[in-house]
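Below you'll find the structure, written out as structure tokens, and then a few comments.
Chains as they are written, first to last, in my numbering: chain A, 122 to 560; chain B, 122 to 560; chain C, 122 to 560; chain D, 122 to 560.
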């Protein structure tokens, strides 16, 4: 690929995150000859798209780089001949996310954007749309790489891998955040640190951490247990029990709090929902003020306030991937890829999140060997949920939906699974045509 | 083996179930030339053992069969040269079981003899004792088959397989009960029915049911959903949701209610514990009256009241196994055996419960192929719990114990896991020397 | 299935083996209510078919059983509503087999009906025809079981399993012959003997032999090494090296001589081909005299001379299968079935030959656990050859053909592989339309 | 590891290759702070060791780098506190290799240093010695990395991984040679080329070749078929059949000629052995003249003549590994490592040769997914041979030896296997104490 100039298509271009991506492209002008960025969004997002377009153009102009920024509602035009298609859209907007957070809480179950029933609902809404986008890519840009940041990233990537021919890598900012926080704890450069990461999206462990050829896993766990900073903007920072971490012998990701500290996280969610609003409801406020800022014609840089939004390192994570592919770096990234034996007891076509080598051949997972019984059961249980969810979302299948929620470890039993499912299907009726089509 | 006369050793011979075994041996006198039955128990059970010995001798005498019944506290004498060693003991007696049932309830968690934290506690107490018994078998009866009915049967059998050279098969009355109930539903003879059973002990599904070469799984599920009798004496018969069964596409075992209908089962357990007593506490009453009956010198048969006790088909299940091995029948039995690939994503040395061919070569599981995602995740999650529990029990390892409970799907989070674990270790202190030895 | 009367369709009904099948059906009249047997053959075989029909009718009449024997060239009529379809045809007749035997010899390579390049050629001719037959079964008798004896039985069964919906079991007389010979050596009843058989068709080992619960594998190997009768009519009885058998620790099948004693077997084949004729050429003579015998209107039984033909136990092997399925016996048979994990390192849809439980649900392989490195490599190598051969045969693919022969352990290198392949394709041109269609 | 100064121990330091290693260390002085190189050899090699020591010191002196070169017969002193132990010794010297080449030829079987019976004999001699060396490393330098170039590298590395605690990576110059030759064919920089290499040592395929994100496998195969340079100094360059390469769809390594073009290679070997001498016999001559050169006190650089010797890129391959580990580069190298699922159907502890990520955590193989049936059978067959060979070598087991040769695809049948084995054991009697110890 090296040598040719690049076109990026950004699906969901009206997102408040876009300026971060634009900034990332500008920063890498010497490594990545991007000549065109085409932002595309749905009709409902026209106003935001216009704001983002104008800001992006001001940013590019100030930087003095030769990049044409375009914006339109014409997805096909955006995708045509793109080299990279970046997907960061949200079907149903933040209101749908707020529903995802609130519905499970009614049943005393974790309500969260990407895990538990909330993530399930989001998958049902999102997967049909992404498959539709992939049809355009297959027709108009068959050699393009789709870098998917749309959540739930693992489920969406698995659906794309199983049901389309699009070359895709799923991406999340959790692994890079883990690496940054751990290197801060260990007072080392991120590059000096090597993490054996393997699991599923938002269910990722660093099974071993290495520094200078030394296994430092136990030291990291001790620091996390002692209260070292180890969370992310959008997750309540419930402290970890040191005895548990010592027994686990692997470094959990911040999202593991939902699985391991369910009681405390549920209590906190219910408290927040009652006062102040769920995470989506808080973000609505942040978003509003962000777009007010973005409108300012004097703003020609990514504003600092964007960092409050929660997507730390998203831009770096994604543009480092573009760099690795374009320049055939064969560097290590923790991404969502088909398993292919890397986690031996999962199917080959199951998408996992794993330390992978990324170059012009795409992303290839590393085999670290069998995972310990302390973690493998949860991975397998959640993967069963994911396999069923992808089938439910693609075929609009009620039975698979029920079995998916039954298998989700955050849903305590089938009575609640069914009640939550029925609530989700009713509330999201407009976004789930695949279910109505079933009769 | 065919042709030689047989000696049976029954560890836990003072159990109220023993008369059923004696009756079973008498019934099969023409197929199984049993010449000696040696009942053995611990000092604390001397009184019961005496009662059982006397009753057994009266039964044998009445039947006119030539079987010497012995009873002693000398385990080595019982095991020496035995052909079959049957284990049905209970470390800590019914009081320990009552604790297993009540401790988890304090934390709003299912309290049950064999599943959840109750089964975990029982495994911690039982596994060191069974390994000790196996040392005697290795030394004194190396060719004997140990038929283990001691619960949690899957965990105990896995411990024996991994840590001893004893030939063993784990046994449970759930599969035979499922077969009897399903053939009743379908109005057919049990022999006409073929069930593809695979899972773990007390977590067993019939993945497909066949009658006359026809797959009748859906019909069975409909009948179960319509309320056909489908439970066991010791499990509250919570009705099954027909929509769930249809989606599951496999016939769950009665114990699955704890996993799938957790809320209702927990509510019922709490209600029962508050009024009338837990299952163990009820059994204490039954046991007492059973032994009163047994004392009657005019009683020369297994009394009907024993059936209230809950172990339906235990005698048939175990003696049919003896028959299959002794007479090389190569008949089908659902037993606990090392996996050896029968459930592809589990380790080879994991013990599973599976339809198996049993003959003089022992029990060999049948491969039915990959299990559906609707069930495999739960099996893998529970197997992870089991692997960790066996290690915890053998080595007295606190960290493995905590990870075991963390992986048990009936335990909602690590805070409760730890609280329950500490309670179990404290309450069972006298029965868990392997933990104190750790320092 | 039990209770209903049966129709058998026999494809290749004009075979000299048919009287043995008829005899088998007559013998089992009390267990199998066969009411109709429809023999079908191709136009070229009309004369033989007429002879067989007449003989069969005389046999049935003499036995006084109520079975209608029909014969026709109308395959669809034969298959319609059949309960069992038995396939024993030979595409190209014995002349094609003689070619299969002679072509490889030209290149100093084993020339044999079912293994090596000869078996490969036979697979190319046979698989398209069997898939065609399966289309008729799918349309006209979708519930029928196809019992396939057509060689190469493993390859043909794999093709049917991968490319059709027909319920099928592949069958061979080698395993039953092994059992008979070993029980003769051990002076026991066949039923007392249990063999852990697993491998591929004509590449089958008994990994362990059991008698009365004792592992007698070493004793059997010693007897085979000492020269006990251990061969079959159609295989030259090259003696086995006792040291080799002891090292192998598994009982090979008679066909293993081609793989393990290649030099001696090749020398013998070349000698025989030069004087007396190849096996096919010898059979042509036997066949001719058999049909002369069959014509005799006074002949009303299977003549003893048929046993010289080489298919010992074929009738028993196949009708015992019919019995096991019809009467849901769940008895053990060594048959060709999809692997489904029984041999862990082979694909699930690879057809293996394995001790299996056969009942109304069909045949389910038993898991004996991992096979030893002494045998697993050869199985995997030959299975790779088989997978490629099925693809080559179905799609008429030259490249897959070349890779298939390259992977066959009897073909020393690619230069000879290619020369033999080109010779096979040219010689069999009329029987390989799938290859001409490619170009 | 970064930051600390390095000690290298070179076992077999008297090898004619050593000057290449010394040159490699000098070239990397800015990246690798090597302060001590300790050459060690056996008594028999004292003279060569002295010559190499003197030359190495002249080279270091001329380069002006601060490296202490030592040489001794004291292995323990060399290993003590080493950071890297490099093993390149040859048990029995070139004469033993000549025997390995000539013995099989007597039986019309490929006679080669590392594959076939020759490699087997070498493994029997070498494995006990390397395990002995590992005991020293475990005691005296437990954190050292052992980089093993001693052939047969895959077998030796598997023995070390299974039987010691030494951190080891096995290394060969074939993969780097393949990369250099392919990049020459494609007229690109080696760094631009990505190869998906997986197989076993000297049985390695590049399953896919990538250039600039494009799959160029077919193009490479065409060029190899057209006669592009694709061999190595020590392998006769038999041309490849283009039709075969197209069918294979993977790029074989030069050593594959022994497996795929056996007839031609055998003919060439016999011709060479008859006139001019086997490869070992030729090398004896080269070696002699090389050491004459090395003695020249005016020689202060690696002489060009060394390249004739055949070990192209050895120095680069090994020192790039040292660099990757020391500087935590996480760069891609094709090395011998435990499989851990990278090739799904092989055991986890089987050593494979695979594109791996190498950093301070060692070497981790990349999972490329299931290999095609065109190659997997041969890998599995040879791996079975290797597993048996390691057991035979470690335990001095005749039966395992016989089964190992039986499973080697270059050995046509068991009669020849046994004859060759007996010849090997007799000829190598002095070097195989583990076999005599068996009684």
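We put the beta carbon where it would ideally sit given N, CA and C, even for glycine.
* Coarse secondary structure for residue 557 of chain D, derived from DSSP in three states -> helix
* Looking at the C-beta of residue 199 of chain B, does it have a partner C-beta in chain C at a distance below 7 Å? -> no
* Going along the chain, which residues of its own chain have a beta-carbon closer than 7 Å to the beta-carbon of residue 393 of chain D, five neighbours each way excluded? -> 399
* Asked: Just how far apart, CA to CA, sit residue 144 of chain B and residue 180 of chain B?
  -> 8 Å
* To do: Would you kindly work out how many angstroms separate the C-alpha atoms of residue 220 of chain A and residue 527 of chain A, rounded to a whole number?
  => 20 Å
* To do: Kindly indicate if chain B contains any beta-carbon less than 7 Å away from that of residue 498 of chain A.
  => yes
* Please specify which runs of the alpha helix (DSSP H), each continuous and at least 4 residues long, are wholly inside the segment 498-540 of chain A, giving them in chain order. => 519-528
* Asked: Mind listing which residues of the segment 381-394 of chain A have their C-beta closer than 8 Å to chain B's C-betas, in chain order?
  -> 381, 382, 383, 384 and 385
* Just grab the DSSP bridge partners of residue 479 of chain A for me. => A:452 and A:484
* Please classify residue 496 of chain C: does DSSP put it in a helix, a strand, or coil? => helix
* **residue 489 of chain A: contacting residues in chain D (beta-carbon distance under 8 Å)** => 461 and 485
* **For residue 404 of chain C and residue 430 of chain C, the rounded distance between their alpha carbons** => 7 Å
* **Exposure label - residue 216 of chain C; buried when at least 16 CB within 10 Å** => exposed
* On the premise that residue 243 of chain C lies in contact with residue 235 of chain C, defined as a C-beta separation below 8 Å, what is that separation, rounded to the nearest angstrom? -> 7 Å
* For residue 136 of chain A, I'd like the list of residues in its chain whose CB is within less than 6 Å of its CB, leaving aside the five on either flank, ordered along the chain. => 209
* According to the neighbour-count rule (16 or more other Cβ atoms, all chains shown, within 10 Å of its Cβ), is residue 281 of chain B buried or exposed? -> buried
* Using a Cβ-Cβ distance under 7 Å, would residue 315 of chain A count as near chain D? -> yes
* Does residue 509 of chain C come within less than 7 Å of chain D when only Cβ atoms are used? -> yes
* **Three-state class that DSSP yields for residue 205 of chain C in the structure shown** => strand
* Asked: Do three or more CB pairs link the segment 246-256 of chain B to the segment 267-275 of chain B at distances below 8 Å?
  -> yes
* Is the segment 340-359 of chain B in contact with the segment 302-309 of chain B, if contact means three or more CB pairs nearer than 8 Å? -> yes
* Helix, strand or coil at residue 396 of chain C [DSSP, three-state] -> coil
* Quick one: which residues of the segment 457-481 of chain C get their C-beta closer than 7 Å to a C-beta of chain B? List them in chain order. => 461, 462, 463, 465, 469, 478, 480 and 481
* Name the DSSP bridge partner or partners of residue 267 of chain D? -> D:206 and D:289
* Cβ of residue 544 of chain A less than 7 Å from any chain B Cβ? -> no
* Range of the contiguous alpha helix (DSSP H) that encloses residue 445 of chain B -> 435-447
* Euclidean distance between Cα positions of residue 64 of chain D and residue 288 of chain D -> Chain D is shown from 122 up to 560; residue 64 of chain D falls before or after that span and cannot be answered.
* Range of the contiguous beta strand (DSSP E) that encloses residue 161 of chain D -> 155-161
* Rank D:556, D:546 and D:419 by C-alpha distance to the C-alpha of residue 225 of chain D and give the top, closest one. => D:546
* **Interfacial residues, the segment 311-336 of chain C to chain B, with Cβ spacing under 7 Å** => 313, 315, 331, 333 and 334
* To do: Could you give the DSSP three-state label for residue 362 of chain B: helix, strand or coil?
  => coil
* To do: Answer yes or no: does any C-beta atom of chain B fall closer than 7 Å to that of residue 451 of chain C?
  => yes
* Identify the contact partners of residue 535 of chain A in chain B, using a Cβ-Cβ distance below 7 Å as the criterion. => 362, 365, 381 and 382
* **DSSP state of residue 255 of chain C mapped onto helix, strand, coil** => helix
* Sub-7 Å separation of residue 147 of chain A and residue 186 of chain A beta-carbons -> yes
* How far does the beta strand (DSSP E) with residue 193 of chain D in it reach, from first residue to last? -> 189-193
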